Amino acid sequence: MAQTTLNQRARQAARPRRVDGWRLWAMLLFFTVFGMYNIFTVFKLQVLQHGDLSAKAEERIKWKNTILPRRGLIYDTRGQLLAGNTTRNDVYIDKTHMQDDEDLHALVDLFAPELGQEPGKMFTHLKEAPGLNILVASRVEDAIADKVVEFRRSHREYQYSITLDPQPLRQYPAFGPDGKAGLAASVLGFADLNNQGQYGIEEYYNAKLAGEAGWIDAERDSFGRPLALEQAQMLPAVDGSDLTLTLDSGMQYLTERELKRSIDEFKADSGYAMVQDPNTGAILAMANWPSFDPNLYSKVTDFNLFKNPFVNDVREPGSTMKILTYASAIDAGAVMSTTSFYANACVTKYSATFCNATHTEWGNETMAEGLGRSDNVAAIFAADQLGETSYFDYLTAFGIGRRTGVDMAGEVAGLVSWPTSDGYSPVDFYSTAFGQSAATTPIQLVSAVSAVANGGKLFKPYIVREVKKDGQVVEENKPKEVRQVVKPSAARDIADMLSHGVESGMVARFAAVPGYHVSVKTGTAQLAQAGGYLGDGSFASAMGWAPSHGAKFTLYIGLMNPKTSQWGENTSSVAWGRLAKELLLYMKVQPTMPIPTPTPAP
Amino acid sequence: MTNRRRNHAQAAVITRRSKGSARASLSSLRLLPGSVASAAGQQVTSIKPTLLKYVDLHPAMAVLTAVAIIALVCVIYLSQVTAVTNANYKLQSLESTHVDLQRAHDDLQLQIGRAQSQSVIEAKARDKLKMVPLDNKYSYLPIASGPLTSLPPGPTPGLPTPVAGP
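Chains A and B are the protein sequences, given in the same order.
For the first sequence, my numbering gives the first residue as 45, with consecutive numbering after it.
For the second sequence, my numbering gives the first residue as 101, with consecutive numbering after it.
See the structure below:
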């Protein structure tokens, strides 16, 4: 018996120890209950509350956003940056975390002063704006963004309610002569907050500069970071191309500075000036004053400042038109520079009487003298010799009354009374000959005069030299000759006639530049209004090129309503001479005549 | 009796039982063709002892073990997910750094642009360097064309004439 008991014990000892069954069952029961609970919870979340929760999740974690491309940069011909980019933050308030109006009030009362806003206005904006994530400030300065970050840090309860969204912002770093307005502002235009170019080059080349926006459709965590587990769908943005202009910022600055100085000195309302390379048509400088700061375009109240008068406005050219009249007549062989006639003070054509500006009877007068004195009667004589049809053919060939095709936004064609136009009268032919009855864009006039300056070839004006993508030139604008308008000999005669006028003390004498032969013509036009002219005020201008032979630039300056003198002779031509001198020095053009010894400073 | 032998013994009993029950099930599967039913029965009888040959688990323990294995797989999966997520955050951080550097680059370009602005240069020239406008206070030096060797020898203008030593 004892042996049996021992054997049983030995057998029991030899058996492996087994966990008591009830404990295992208890564990299994616990896990089963726990598992069932989990399964029920999952069922509740995934099935019963699927609609609500997925909608909330969609709202909170789904991230659909537009990826803005980097806008292309704009450089001048020397590589100086004229338009660049920076990043500023948009500030959003997420109303999801606000339980009621009281919560919103509490947030707004604390937060609005950080942005310099009134709490009441911000609250109204947040209440009325659709959606949950509301934009409350656009492109804030870095200092304000820092304040927002600090606010979130110090008010942890709002850290998920206030978000900063970095966005690109266009910047124009070069400043004009007053240190406030942007250099070449009306030429460049500006890009708005939606990356859309407005006015000028920004508008004309918007498709190239803007690039192509991309998008992202992803899920993000509570910090706004895209989740890696869910494959994000996205289309990367394509950055815009960079532009290199023909504009020289040095010449642009000199031009703007002289323009501002002249407007102040001659008490003009406004003015514009342009410098063109007559041998290529490239625009070297283009300025109008007063101007604006394109970095603060939204604060500009006078939208006329945005316009570029060289392409957007038309104006009667005044006597500067006589350059084209004489060039046409001489080219056609109708007159020569030495052709003389008896110049009365006035002449009557088709019952209209035209007089010269000073009502002076000059007597026997050559064409050179007539041009130098800016005699309207002499211009009418030259046009008469040429003939109406030929004259308008020449104007057409010079590109007057037609768009030049310059690569700038909003170019208009101008208004010329052609023989085929409704209401045309032969009187228009004579008045056009000395600069009335026709309204041209300044760029038309400059391009036409450049054709005379370079020996007779009309070039298409252009301002963008290269388009670059990732540092590679993808498009290049080269000088484009439109046509030969006048013979080189005729152009040379005009250059000599004009420089003779400058150097012999005639009307454009103040435009003289010591050491250089320059060819300049002044102009004074009455200010037109609907159905006639204003009683007072004038548009005083000076047009010409330097040096007279082998011209390096064509320069046009126009002053609106100068008060010290209404004549271009005493205002614009003075500015022309000063600016031409600086430009010749800047371009390192050697003088061809002896320069008077400078007077030593006392 | 070793565990393995005991398992063999149990397996033998189970085999006998299952043979009996297999016969019973075969008799209940009269609708099936005889060959198929017998094949199924053979499979079951041949597998079952083999499976249980090395396993001696309480059923509850078996379930718990299975749960533990599943939990382990879940943990491994979660650790993988966490690793991927961390890698993603690292990538995000690098992208953020890249964006910051790009921004700094853009800002530097603008700073250079502002510094090169002629109005800034002019103001510094006037205020700091006390420079004045050139006006008429300049003249061009006439230089004869041709190589320098063709110029007549002479003292360099503006330099003192060398004096012979004592």
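Note that beta-carbon positions come from the ideal geometry of N, C-alpha and C, so glycine has one too.
All values derive from a computational prediction rather than experimental measurement.
When secondary structure is reduced to three states using DSSP, residue 509 of chain A falls in the strand class. The beta carbon of residue 597 of chain A sits no closer than 7 Å to any beta carbon of chain B.
The alpha carbon of residue 528 of chain A has as its nearest neighbour, out of A:288, A:438, A:194, the alpha carbon of A:438. Counted as a single uninterrupted DSSP element, the alpha helix (DSSP H) harbouring residue 538 of chain A occupies residues 532-547.
For residue 357 of chain A, there is no enclosing beta strand (DSSP E), as DSSP marks it with neither H nor E.
Given a length threshold of 3 residues, each whole run of the beta strand (DSSP E) inside the region 62-145 of chain A is given here in chain order: 106-111, 125-138.
Of the other Cβ atoms in all chains shown, fewer than 16 fall within 10 Å of the Cβ of residue 637 of chain A; this residue is therefore exposed.
Contact between residue 134 of chain A and residue 211 of chain A holds, since their C-beta atoms are separated by about 5 Å, short of 8 Å. Listed as beta-bridge partners of residue 599 of chain A by DSSP are A:319, A:588. Contact annotation: residue 216 of chain A and residue 350 of chain A have beta-carbon atoms that are not nearer than 7 Å. By the neighbour-count criterion, in which 16 or more other beta carbons inside 10 Å mark a residue as buried, residue 296 of chain A falls on the buried side.
Here the C-alpha atom of residue 225 of chain A lies approximately 26 Å from the C-alpha atom of residue 628 of chain A. Residue environment: residue 520 of chain A is assigned as exposed (fewer than 16 neighbouring CB atoms within 10 Å of its CB, all protein chains considered).
For the set A:523, A:617, A:611, A:592, the Cα lying nearest the Cα of residue 290 of chain A is the one of A:523.
Sorting A:303, A:462, A:379 by C-alpha distance to the C-alpha of residue 335 of chain A places A:303 at the top. Boundaries of the beta strand (DSSP E) around residue 517 of chain A: 516-520.
One alpha carbon belongs to residue 230 of chain B, the other to residue 492 of chain A, and they sit about 43 Å apart.
Residues of the region 162-181 of chain B whose Cβ lies closer than 9 Å to any Cβ of chain A, in chain order: 163, 164, 167, 181. The C-alpha of residue 180 of chain A is placed about 16 Å away from the C-alpha of residue 186 of chain A. Residue 81 of chain A sits exposed, since fewer than 16 C-beta atoms from the chains shown fall within 10 Å of its C-beta. Apart from the 5 residues on each side of it in sequence, residue 507 of chain A sits with its Cβ closer than 8 Å to the Cβ of 231, 245, 289, 290, 291, 326, 327, 330, 450, 451, 452 in its chain, given in chain order.
About 5 Å separates the beta carbons of residue 410 of chain A and residue 384 of chain A, which is inside the 8 Å limit, making them a contact pair.
Leaving aside the five residues that flank residue 237 of chain A on each side, the residues in its chain whose CB is nearer than 7 Å to its CB run, in chain order, 182, 183. Taking 7 Å as the cut-off, the Cβ atoms of residue 130 of chain A and residue 210 of chain B count as close. For residue 203 of chain B, the uninterrupted alpha helix (DSSP H) run begins and ends at 159-216, by DSSP.
Interface flag for residue 124 of chain A against chain B is set, since a Cβ pair is found closer than 7 Å. With respect to the C-alpha of residue 369 of chain A, the residue from A:122, A:489, A:393 having the closest C-alpha is A:489. Each of A:429, A:76, A:592, A:553 was checked against the Cα of residue 537 of chain A, and the nearest Cα belongs to A:592. At least one CB atom of chain A sits nearer than 7 Å to the CB of residue 214 of chain B. For residue 246 of chain A, the uninterrupted alpha helix (DSSP H) run begins and ends at 244-248, by DSSP.
When the alpha-carbon of residue 583 of chain A is set against those of A:313, A:270, A:74, the nearest one is in A:313.
The C-beta of residue 541 of chain A comes no closer than 7 Å to any C-beta of chain B. Interface criterion not met: the Cβ of residue 226 of chain B is under 7 Å from no Cβ in chain A. Counting along the chain, residue 471 of chain A sits inside the alpha helix (DSSP H) bounded by residues 470-477. Beta-bridge annotation (DSSP): residue 262 of chain A is paired with A:107. DSSP lists A:408 as the bridge partner or partners of residue 386 of chain A.
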